[in-house]
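A quick write-up on the structure given underneath.
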Amino acid sequence: MTIRNLDALFRPRTIVLVGAGNQPGSVGAGNQPGSVGAVVARNLFAAGFSGPIMPVNPHERAIRSSICYSSVAQLPLDPDLAVVASPAPAVPGLLAELAARGCRAAVVLTAGLGASTAREAMLDAARPSTMRLVGPNSIGFISPGLGINASFAHLTPPQGDIAFVSQSGAIVTAMLDWAADRRIGFSHVVSVGDMLDVDFGDLLDQLAVDAHTKAILLYVESITNARKFMSAARLAARTKPVVVIKAGRSEAGARAATSHTGALAGSDAVYDAAFRRAGMLRVGSLRELFEAVGTLATGLRPAGSRLAILSNGGGVGVLATDALADYGGEPAVLQPETLEILARVIPGGSIGTPVDLGGDADGSRYGAALDAVLADPGKDAVLVLNCPTAVADGLDCAEATLARLQRDRRSAALTCWLGAEGARASRRLFSASGFPTYETPDEAIRAFMHLVDYRRNQTLLMETPPAVDVEGVDKAAARAIIDAVLADGRSFLSAPEATALLAAYAVPVVPIDVASTPDEAAAVAGRLGGPVALKILSPDLPPRSDPVGVRLDLVGETAVREAGETLLAGLAAARPGARIDGFTVQPMIQRPQAHELTLGATEDATFGPVLLFGQGGTAVEVVADRAFGLPPLNLVLARAMIDRTRVARLLGGYRDRPAADREAIATTLVKLSQMLADLPEIFELDINPLLADADGVLALDARVEVKARTERTRIPFAIRAYPTMLERTLSTRDGARYFCRPIRPEDEPALIGMLQSSDPDDIRLRFFAPIKTIGHGFAARLTQIDYDREMALVLQPAEGRTGAILGVARLISDPDGVAAEFGVMVRSDQKGRGLGYALMQEILDYARHRGIHRVYGDVLAENRSMLEMARQLGFALRRDPHDPRLERIEIELSAVGALPSVASEPRS
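Residue numbers for the sequence shown, in the numbering used here: 5 to 912.
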């Protein structure tokens, strides 16, 4: 379940309070002293709800002068929303009674329902009528705009446009208190409690389309359904700012693992990667939570992290510059022309970064300097600072600053007037005009970096990745390796198997030879020439075992033979009974300019497969320079992972060391991502080191752990991967063959080409309005889709399988997966060949497989060819009563048989 019946929570017509009381106190005490039901009753009746509120308590005649009913059965009206504050043992039965009365949502405040039997009983009670449950162990739900305070919070906040969803009731009350002091209002406040049913994903889906909510705040302790959360979060973050604070940032709870990747993967690092991938902004404190929302609400979107700083005090400017470095920003480098202007404007001032206007700077100096800096292309934003002085009027400086900022609203600008009483009027001036202002340089810099991080995350959501043409991938060979290891009852791939697995995905590797005896190993070394590495091959020695099984830099056959004999003797003494399958021999690689990197994959208990990139080598855990990302990856996301590490700066080259091939590194990350999608049995994978230099990359050593999987034991990708199983070749009625596949983000240029090659009137019939310019934003929304709730199938010539797109069919499901809206378009010069009919059959077939019951769409009444095709496919047509230009067409997939299908080859 997702948003089904959540309208009963957010827009109820009638409310019942079960467990209402007249005395304040603790949850579940009925009419006894200490009843939280009394606090909820006070809040609920005082909040101003316009509909009926019906209290239920068998021990009371009236609650706050309203008739109290002895049971749910006696209620005179069927409630939409129930608020339950009854003792724990009674809750499942009460929910069953409420469901029987047609109640569609319940907020369960009661604690003590942690036992699995009680939780199952609650779900069983709600399931027949799909009644939604918030809680248990919730402090309630508040919607000030509707006059609802169904909580035992200590106050009712004013109406606003910020929604706050929290997993902690204590954080809710603290936030309400903090916000009240700052006159901040809310559209909705939800305490999700134990999230037995309604969770963050459900509420993000609801709030994403809530017209009264302009920004969403989350306090998160854990996520229960990662895929639903990521799908909803990505949708919400595209429409409005979503700011999150996550408790439990330490890595003390990281799973003990035998791989470097597993050892480095703290759960918080994975949450951080998930929030970033969803386009949300993560902050570290409750104060930052509201600071970030206030800053984002201004609409400022700096293009980068270069900040110009103006101040009338050198010390405060230096503090701001230090904070900028601490938070990962960079000072702007002003152009020589700008510096010349500033030198004329500021007599004796510091012309540089930061710009010191001098302690006697008045409004005219502020204005002239700010004009010059605002025009400089070397900055992404400006921070204007002011310290109170006895020789200049801070308000005069503020007014001059504001006048310049109002004249140039294209530039991102923040202000910070330090002080208390003397600066208050200036800060009010900026706030009233919609410009962000702060009390300290640290707050201002932190706010600027919130803007930078938010824009960066949003850009990643919409940036079009280049296509990755990976030649030489042999999925069948990789599958055979994994199957053989599992059939042998092993968990770890041997060194030759791990090397072969990487080679199957076109990852450059060091050749590896297997020898049965020291003599054979010596012969291999003689053939290779140069220094070699010799390792014992044994299923009883885990990969990267201690030196008992390894010798490096061996030169010559004699040295290799003697080392092999020594290794055998040492192993027999150290590990009696260890099985020996022989030796591996590899040439020692000499790439002195290469960087040692680590790439890996591990499995997070919440988000499933996770990828890692960072600095490698023997001290990888100590250095701990790494970035995590959720698969599936494309080149844009892989590059962003690399950029988040310290080693990324070294990869750019320095002194006499040339830049490494970053594209080769990013491509390797994409290959690992695809490997995880193709081979779900991979549990952990670790390449360390991966050498990277100007000539590309080379994997020196790899460790791979696998597990036999079933649908029950596999944790899926948190973001649904590209569904290769939907690729197929089909033939239309004229015998022409086409390749049909799901759309990819990198299809943006081809999709734009299709639209530009089509008749403008065909585009108008598809999108209901003329489109003169097809820009990146529009095309990205059509190509960068969430396969979990949306599908778009494209047709291409069968022989190419790339290049031109001839037609597209799209299906967008509601969050519940019950109904979906479709759209279809064929390039104008391809019409009349049956492509639209073929695409519609494919998309309807996909809808059936996903369990969607109803597919619908709106069609312009003048689009006769589309309406005729809909009739042939079995759609019912009816004129839209609100708009006579439109026809609503619908098909109930559960009520029709299989449609006649075009000839097609099996899906790969």
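Positions of the beta carbon are idealized from the N, C-alpha and C atoms, including for glycine. None of these values were measured; they are calculated from a predicted model.
Between the region 427–435 and the region 333–353 there are fewer than three inter-stretch CB-CB distances shorter than 8 Å, so the stretches are not counted as touching. Of the candidates 702, 286, 892, 321, the residue whose Cα lies closest to the Cα of residue 513 is 702.
Going by C-alpha positions, residue 442 is about 38 Å away from residue 615.
By the Cβ-count criterion, residue 303 is exposed, with fewer than 16 other Cβ atoms from all chains shown falling within 10 Å of its own Cβ. The residues 366, 367, in chain order, have a CB closer than 7 Å to that of residue 400 in the same chain once the five nearest residues on each side in sequence are set aside. Residue 322 and residue 363 have their alpha carbons spaced roughly 14 Å apart. Short of 6 Å from the beta carbon of residue 147, and not among the five residues preceding or following it, lie these beta carbons of its own chain, in chain order: 192. In the DSSP assignment, residue 617 is bridged to 603, 631.
Within the DSSP secondary-structure output, residue 744 pairs in a beta bridge with 732, 799.
Taken in chain order, the complete alpha helix (DSSP H) segments of 4 residues or longer contained in the region 137–200 are 173–185. Minimum Cα-Cα distance from residue 417 among the listed residues 812, 446, 455, 391 corresponds to 455. A straight-line Cα-Cα distance of about 29 Å links residue 621 and residue 252. Where residue 727 is concerned, there is no enclosing alpha helix (DSSP H), because DSSP gives it neither an H nor an E. Rounded to whole angstroms, the gap between the alpha carbons of residue 166 and residue 285 is 15 Å. Just so you know, the alpha carbons of residue 311 and residue 376 end up roughly 14 Å apart. Here residue 630 really is in contact with residue 649; their C-beta atoms are around 7 Å apart, less than 8 Å. If you look at residue 315, you'll find it isn't in any alpha helix (DSSP H); it sits in the beta strand (DSSP E) that goes 310–315. If you draw a straight line from the Cα of residue 104 to the Cα of residue 43, it comes to about 27 Å. The region 288–307 makes contact with the region 233–252, as at least three CB pairs between them are under 8 Å.
Annotated three-state conformation of residue 692 is strand, per DSSP.
Note: residue 658 is bridge-paired with 661 in the DSSP secondary-structure output. Judged by DSSP secondary structure, residue 95 falls within the alpha helix (DSSP H) whose first and last residues are 95–104. If you keep only unbroken alpha helix (DSSP H) runs of at least 4 residues inside the region 203–245, you get 204–212, 230–243. Under the DSSP assignment, residue 555 falls in the beta strand (DSSP E) whose first and last residues are 554–558.
Residue 53 is a Cβ neighbour of residue 19, given a cutoff of 8 Å.
Assignment of residue 117 by DSSP, reduced to helix, strand and coil, places it in the coil class. For the alpha helix (DSSP H) assignment, the uninterrupted runs of no fewer than 4 residues enclosed by the region 794–882 are, from N- to C-terminal side, 839–853, 868–877.
A distance below 8 Å separates the beta carbons of residue 380 and residue 339. Between residue 149 and the set 776, 789, 216, the nearest pair of CA atoms involves 216.
Distance check between residue 589 and each of 605, 578, 529 places 529 closest, using alpha-carbon atoms only.
In this structure, residue 502 sits near residue 708, with a CB-CB distance shorter than 8 Å.
Taken in chain order, the whole alpha helix (DSSP H) runs of length 4 or more contained in the region 482–535 are 499–508, 522–532. Across the structure, residue 427 and residue 332 are spaced so that their CA atoms are roughly 28 Å apart.
Selection 207, 228, 574, 638 evaluated against residue 464 yields 638 as nearest (Cα-Cα). Comparing alpha-carbon positions, the option among 772, 305, 671, 250 lying closest to residue 280 turns out to be 250.
Counting other Cβ atoms within 10 Å of its Cβ, residue 776 stays below 16 and is therefore classed as exposed.
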